[in-house]
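Numbered per my numbering, the sequence shown finishes at 317, counting up by one with no gaps. All C-beta atoms, glycine included, are put in the ideal place defined by N, C-alpha and C. I have placed the structure first, in the form of structure tokens, so that the comments after it can refer back to it.
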Amino acid sequence: MKIIKDENAYITSILLLVMLIPVLLLLIVVIDQHSHDVNSTLDKLQSDKIKSICSDFEEIIITITKESLHNITHEIVTSNRSKTTSDEIKKHIQSKIDEYTLAMDNDYNMHCKIDELNPATDPFKIEIEYSLQISTKDNKISIIKNQRKLVEITDKNYPVYDPLPTLKTGVIFREGYVDYKNKLSEYVVSDTDDVYVNVKQHIIIRECPINNYIQHGNTNQSMMFCLNNHNYHDSHDGMCLLCRLENSSSCNHQGLETFILPTKIFDAAPVSIDHVLLNDRNNQYTGNIMTINNNTGIYLDNGHKKKYGL
Ligand SMILES: [Zn+2]
Ligand SMILES: [Zn+2]
Numbered sequence: 008m009k010i011i012k013d014e015n016a017y018i019t020s021i022l023l024l025v026m027l028i029p030v031l032l033l034l035i036v037v038i039d040q041h042s043h044d045v046n047s048t049l050d051k052l053q054s055d056k057i058k059s060i061c062s063d064f065e066e067i068i069i070t071i072t073k074e075s076l077h078n079i080t081h082e083i084v085t086s087n088r089s090k091t092t093s094d095e096i097k098k099h100i101q102s103k104i105d106e107y108t109l110a111m112d113n114d115y116n117m118h119c120k121i122d123e124l125n126p127a128t129d130p131f132k133i134e135i136e137y138s139l140q141i142s143t144k145d146n147k148i149s150i151i152k153n154q155r156k157l158v159e160i161t162d163k164n165y166p167v168y169d170p171l172p173t174l175k176t177g178v179i180f181r182e183g184y185v186d187y188k189n190k191l192s193e194y195v196v197s198d199t200d201d202v203y204v205n206v207k208q209h210i211i212i213r214e215c216p217i218n219n220y221i222q223h224g225n226t227n228q229s230m231m232f233c234l235n236n237h238n239y240h241d242s243h244d245g246m247c248l249l250c251r252l253e254n255s256s257s258c259n260h261q262g263l264e265t266f267i268l269p270t271k272i273f274d275a276a277p278v279s280i281d282h283v284l285l286n287d288r289n290n291q292y293t294g295n296i297m298t299i300n301n302n303t304g305i306y307l308d309n310g311h312k313k314k315y316g317l
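Now the structure itself:
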């Protein structure tokens with residue numbers, strides 16, 4: 008009898024064991040699946056994080072570029088520092104970006120190289136090209152990209168100063184404007200009547216809000232508004248910011264121009280446009296007076312009269 012009982016228990020145990028095997032196998036699969044899910048969730052979190060770090064970093068690159076242009080132009084116009092090249096500006100931006108990446112916490116490897124700095128088709132912007140690499144410390148997740156971006160030079164938080172008046176005549180920017188005294192008058196070859204003596208003007212590069220240039224001539228008020236604010240305009244003949252910084256005399260890019268308001272009124276005098284007066288001296292030319300109101304007039308040639316509807 009005992010033998011039969013033992014046999015039954017033995018068979019029951021075997022049966023139980025056989026029934027347990029699939030349960031165990033299922034458990035193993037579930038655990039494995041769970042750890043796989045945890046890993047892929049971690050990877051997803053890491054990759055989202057790295058994407059967000061990358062987009063923040065790209066914003067920083069734009070801000071550093073604006074800030075560098077602000078600081079470099081400010082230093083030139085306030086201390087009569089000499090001209091600078093795109094290469095030097097590129098190095099300046101690079102060093103500021105390196106400072107930033109060094110100061111960042113070390114959970115990620117971050118690297119950015121400024122490859123190019125070029126004039127843009129829109130002269131109120133410059134084009135920056137950079138290569139960027141961000142990766143986790145174990146290099147499992149990384150972003151590598153080459154990017155070209157336009158950086159506006161008219162951001163009110165980082166005003167950019169026109170370096171040309173200082174580089175050409177040595178005038179210094181103080182208290183919000185430059186006061187040429189005799190400097191411009193002496194620079195302009197045929198200013199025999201001193202029509203440009205004691206000119207004072209702002210030199211922050213601001214884009215004229217009158218989009219359709221021909222409307223400058225609609226009323227005296229619109230022209231006075233533009234002259235008083237010393238706005239800049241898109242110009243094929245004017246120089247772009249990077250060529251201005253290099254103190255060039257010619258520029259193959261789309262450039263900028265602004266009016267320089269004379270202090271004396273005669274029938275004719277050198278044309279009151281910055282790229283004419285601050286150009287190489289043999290490229291200055293004469294225009295006729297355009298009276299804006301009783302005390303104000305500017306000298307313009309036919310091309311500029313037509314452009315501004317005067
Ligand atoms: Zn204007
Ligand atoms: Zn240029």
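heavy atom of ligand 1 below 7 Å from residue i C-beta
{"i": "residue 233", "result": "yes"}
{"i": "residue 215", "result": "yes"}
{"i": "residue 238", "result": "yes"}
{"i": "residue 209", "result": "no"}
{"i": "residue 223", "result": "yes"}
Local Cβ density within 10 Å of residue i, reported as buried at 16 or more and exposed below that
{"i": "residue 264", "result": "buried"}
{"i": "residue 210", "result": "buried"}
{"i": "residue 71", "result": "buried"}
{"i": "residue 273", "result": "exposed"}
{"i": "residue 192", "result": "buried"}
{"i": "residue 208", "result": "buried"}
{"i": "residue 28", "result": "exposed"}
{"i": "residue 276", "result": "buried"}
{"i": "residue 118", "result": "exposed"}
{"i": "residue 106", "result": "exposed"}
{"i": "residue 6", "result": "In this structure the chain extends from 8 to 317, so residue 6 is not present and cannot be described."}
{"i": "residue 243", "result": "exposed"}
{"i": "residue 155", "result": "exposed"}
{"i": "residue 187", "result": "buried"}
{"i": "residue 294", "result": "buried"}
{"i": "residue 287", "result": "exposed"}
{"i": "residue 245", "result": "buried"}
{"i": "residue 151", "result": "exposed"}
{"i": "residue 122", "result": "exposed"}
{"i": "residue 80", "result": "buried"}
{"i": "residue 230", "result": "buried"}
{"i": "residue 96", "result": "buried"}
{"i": "residue 267", "result": "buried"}
{"i": "residue 165", "result": "buried"}
{"i": "residue 306", "result": "buried"}
{"i": "residue 124", "result": "buried"}
{"i": "residue 84", "result": "buried"}
Heavy atom of ligand 2 within 7 Å of residue i beta-carbon
{"i": "residue 259", "result": "yes"}
{"i": "residue 297", "result": "no"}
{"i": "residue 294", "result": "no"}
{"i": "residue 174", "result": "no"}
{"i": "residue 117", "result": "no"}
{"i": "residue 61", "result": "no"}
{"i": "residue 262", "result": "yes"}
{"i": "residue 170", "result": "no"}
{"i": "residue 111", "result": "no"}
{"i": "residue 230", "result": "no"}
{"i": "residue 126", "result": "yes"}
Beta-bridge pairing of residue i - partner residues as DSSP gives them
{"i": "residue 226", "result": "Answer is none; residue 226 lacks a bridge partner."}
{"i": "residue 119", "result": "139"}
{"i": "residue 294", "result": "276"}
{"i": "residue 149", "result": "142"}
{"i": "residue 264", "result": "240"}
{"i": "residue 286", "result": "Paired residues: none, contrary to the question."}
{"i": "residue 304", "result": "298"}
{"i": "residue 155", "result": "136"}
{"i": "residue 125", "result": "134"}
{"i": "residue 214", "result": "239"}
Heavy atom of ligand 3 within 7 Å of residue i beta-carbon
{"i": "residue 249", "result": "Absence of ligand 3 is noted for the structure shown, with ligand 1 and ligand 2 being the only ligands found."}
key: Any alpha helix (DSSP H) of 4 or more consecutive residues that is wholly inside the region 169 to 211   = 171 to 176 and 190 to 194
task = Ignoring anything shorter than 4 residues or poking outside the region 233 to 262, list the alpha helix (DSSP H) runs there in chain order.
result = 248 to 252
request  = Output the residue ranges of the beta strand (DSSP E) runs that lie fully inside the region 38 to 87 and measure 3 residues or longer, sorted by chain position.
outcome  = none
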